[in-house]
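In full-length UniProt numbering, the protein residues as written are 1 to 793.
A short write-up of the structure that comes next.
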Amino acid sequence: MVTFNKPGAVKTIIIILAIIVAAVGLFMLAGGIYLISLGGSWYFAPAGLVIAIAGILLGLRRPTGAALYLIALAASVVWSIWDVGLIFWPLVSRLFALSVLALLILLIVPFLNFRQRLAPRKTAYSVAGIIFIALIATGWKAFEPQTLVADRHPPAPVAGKASGANSGPEWRHYGRTPAGTRYATAEQITPENVANLDVAWTYRTGEVPEGPQAHVVTPLFANGMLYGCTHSSQIFALNAETGQQIWHYNPHASGNFFPRCRGVAFYDASTDSGSPPQVSDPSVVCRRRVISTTVDARLVALDAQTGKPCEDFGKHGIVDLHTGMGTFKPGFYFPTAAPTVVRNLIVVGGLVQDNHETGEPSGVIRAFDVHSGALVWAWDLGNPAITALPPKGEGYTPGTPNVWSTPAYDDQLGLIYLPTGNATPDFWGGHRSPAADKYSSSVVALDIATGRERWHFQTVHHDRWDYDVPSQPALYDVPDGKGGMIPALIQTTKRGEIFMLDRRTGVPVTKVEERVVPQGGVSDDRTSPTQPFSVEMPSIGTEPLKESRMWGMTPLDQLVCRIEFRQARYDGVFTPPSEKTSIFFPGWAGGMNWGSSSIAENIGYLLVNDSRMGVLNRLVRRQQYDTNVSGDGTHDGGAPQYGTPWGVEQSRFLSPLGIPCQEPPYGTLTAIDLATKKIVWSVPMGTVEDTGPLGIAMHLPVPVGLPTLGGPITTASGLVFMAGTQDYYIRAIDIKTGRELWKGRLPVGGETTPMTYTAQNGRQYVVITAGGNRTTPIRGDYIIAFALPQSEQ
């Protein structure tokens, strides 16, 4: 048996360790020289040279090799503190791996060739012990959340006022109410008892997503039932107390490139003043209706009680959304967001296939009669003269900015608020019309009754970064500081900017400045000289990148990220796309995305989650792209942008280990006091328990904070519920402090927004869809409800 004490084993171990040390040093030396040539840090090359020499000397069993390495480590400590200060995760990136090597080197020091008979075993082991304790302390601290902001003495919250009527225990709209605040008045589950939550029931749809498919529905609770949909547009109703299926409807929708359904809508004729008198009769079929869209662009109305099609709606319960849209390729237009039922209208927009070609389907917004399915009005921003169907033989204006996310509305003001996207393709806009430039990446207010524009506010001018407005606006009356209230609209964006507007007029409530931004790009497109910045609201996750913010699990992958950063063009936010690789940060995944925000209406706190992941983008000339590059026409990888002079190559800005190149966190949850406009707290969201380098799960609940999708909800009892992380949990957070109070394990990731309701049995349930997340191949078809044990209610 070979033991460490045998000379052969010792020699082998020393040689292996020496090779590793030398290889690390040579990598740092070569990469460091290249980094210097790019104008980057001078640390890596000299440190690599010393470490490489140390490795060679260790291979020769020279004690000076160990001494040189320890000198390099000590210099690295000094440099690291100078480079980033005493910030935990950046120091881990720079020093942890080097310290592990130092520990191993110190353990073999007594076996090196010293001139004196006795090697300094005691000294070597003492220093090794110190390093070992430091490594253990680092590992222990890594399991503690690194709070980003914690206002220990925030002022007492000053509540604003909810917009519209309270819907009681129900969750009737995608954002719970038309205001889109995702705030529930339920108080049965509290910060004191939330740790006792357990699974109450589980429903499985029978459809497990594959590839680009996604099971991301936020169900509704109305009429005593839960209503939802699957990624193939099958619609279901569940018993809200048991999760048992009551009915199921299959529209037999054909698939497309991005199959998903984020929600359905509910309509109750007895609460609609514009309805025919007879609908108040409970025996009338389709008095209450579930409205949904399909992945092949149809609008479906079903009886909420039975799931049978409403025969008086369209053709046997179905309206074809292709009507008036002209000719387009199958799958290039369909809605993914829940339809919006306002008064007796169904308002729908749609998703188009980003970045494939010009002239894609129109971004027209249409309103249909909820009873008959007849078209009531249309808003075609490219041709406002078209107010219903286009003239025979024509279609709505193609290639205009679309509304793929969810509107909010204020029934009292008679306005519906639309978050708009871009005219395709996203990254070259030389072809865009004045109307497309005017309305892209905006919030547009339309008159509910007529569909005519009342005001609009643009968040990005001539958007070439795919910074379309992805989230539902949140409506809330905020204190004006003088004892009054301002009817506000709060809009979160992919940029990490939060705009607060007067929802009556679109005029900013908080200051917005036009600031000069980087120019250039390509000669056949333009770049807006300025962009709007919301300077009196916090910006989330928008600190500009710099080389010292590059990160890796070791100095080696950090070095690669530094080189890629220096090779690319990055002049801050709004670095324009060009033939040279540009870095977009935040990337087009956010900032904030479609999960939207929540407002705790009883205390006036805005809750937002964000992702922090840069994107590498490069425009490729048409002939070169068509010859050498391929892509699916969406985001990751190549996209052809046919009809323009340019294709585009894209990738997320990741290290060789598949980790975002900038320092953690990569996703956070933040509470903002809407009265003071200040951050109350901000914490990282998500651990590496179910993911990790190269997509390999680390099975360690290290709360580094990972990119999030989906969004938060809040309750009157002082809780925030959120899933949407890359680990398989739904969490409850204390709204006052940001402290995690509970987490419930899910079978797969829950990349969507939860909801909560109180059923007729008096029990409050928290419901989350678990369909998997994009970082792992493991998918699911679950809808899971959590509740307190019945003995505690």
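Each residue gets a CB set at the ideal place from its N, CA and C atoms; glycine is no exception.
The structure presented is a predicted model; accordingly, all values stated were derived computationally and were not measured.
Could you give the residue range of the beta strand (DSSP E) that holds TRP201? 198-204
Enclosing beta strand (DSSP E) for ALA732 [first to last residue]: 729-734
Quick check on VAL50: buried or exposed, where buried means 16 or more other Cβ atoms within 10 Å of its Cβ? buried
PHE334 classed as buried or exposed, judged by whether at least 16 other C-beta atoms fall within 10 angstroms: buried
To which residues of the same chain is PRO401 closer than 8 Å at the C-beta, ignoring the five residues directly before and after it? GLY363, LEU381, THR420, GLY421, ASN422, ALA423, ALA436, TYR439, SER440, SER441, SER442 and ASP468
Report the rounded CA-to-CA distance for LEU674 versus SER163, giving the unit in angstroms. 15 Å
If you pair each beta-carbon of the region 713-733 with each one of the region 191-205, do three or more pairs fall below 8 Å? yes
Do you know how far the Cα of LEU35 is from the Cα of SER41? 7 Å
What is the residue span of the beta strand (DSSP E) that ALA488 lies within? 485-492
For TYR757 versus VAL748, is the C-beta spacing smaller than 9 Å? no
Nearest to ASN383 by CA position, among GLN146, GLY481, LYS392 and THR397, is which residue? THR397
Going by other Cβ atoms of all chains shown within 10 Å of its Cβ, with 16 needed for buried, is ARG287 buried or exposed? buried
Put ALA770 into one of helix, strand or coil per three-state DSSP. strand
Contact set for ILE448: own chain, Cβ-Cβ below 6 Å, skip 5 residues either direction: VAL342, GLY414 and ILE416
Roughly how many angstroms separate the alpha carbons of LEU706 and THR459, rounded to a whole number? 26 Å
Selected residue, minimal CA-CA separation from HIS431, among ASP525, LEU26 and ASN617: ASP525
Nearest neighbour of ALA378, chosen from LEU446, GLY331, GLY695 and VAL352 [CA to CA]: LEU446
Any 3 or more C-beta pairs closer than 8 Å across the region 683-693 and the region 569-584: no
Exposed or buried, which one is ARG366 when buried takes at least 16 other CB atoms within 10 Å? buried
Among residues of its own chain, excluding the 5 on either side of ILE346, which ones have a beta-carbon nearer than 6 Å to its beta-carbon? ILE291, PRO339, PHE368 and VAL370
Beta-carbon contacts of HIS461 that lie in its chain and below 7 Å, excluding the five residues immediately before and after: SER528 and GLN531
As a quick exercise: from PRO665, SER232, PRO577 and ILE490, pick the residue whose alpha carbon is nearest that of GLY541. PRO665
Quick one, which of PHE313, GLY59, GLY393 and LEU38 has its alpha-carbon nearest ILE13's? GLY59
Taking its Cβ as the centre, do 16 or more other Cβ atoms sit within 10 Å of GLY274, making it buried, or is it exposed? With a pLDDT of only 48 at GLY274, under 50, the local geometry of the prediction cannot be trusted, and the value read off the model is given with reservation. Classification for GLY274: exposed.
Rounded to whole angstroms, what's the CA-CA distance from THR406 to GLN650? Just pull it up for me. 27 Å
When THR218, PHE257, GLY8 and THR358 are compared against THR752, the one with the closest alpha-carbon: THR218
Just to confirm, is the Cβ distance from TRP428 to LEU619 under 9 Å? yes
From what residue to what residue does the beta strand (DSSP E) around TRP377 run? 375-379
Out of curiosity, what's the CA-to-CA distance linking THR323 and GLY711? 34 Å
When the Cβ atoms of the region 229-248 are set against those of the region 181-189, are three or more pairs found closer than 8 Å? no
Length of the line joining the Cα atoms of TRP201 and GLN726: 23 Å
Buried or exposed for ASP354, please, with buried defined as at least 16 other CB atoms from any protein chain shown within 10 angstroms of its CB. buried
Rounded to whole angstroms, what is the Cα-Cα separation between ILE256 and TYR765? The displayed chain sequence assigns Asn, not Ile, to residue 256. C-alpha separation (whole angstroms): 34 Å.
In the DSSP assignment, what are the bridge partners of ASP303? ARG289
Determine the closest residue to LEU389 out of ASP320, GLN412 and ASN344, with distance taken between C-alpha atoms. ASP320
Among ALA297, ILE33, ILE784 and VAL702, whose alpha-carbon lies nearest the alpha-carbon of LYS329? ALA297
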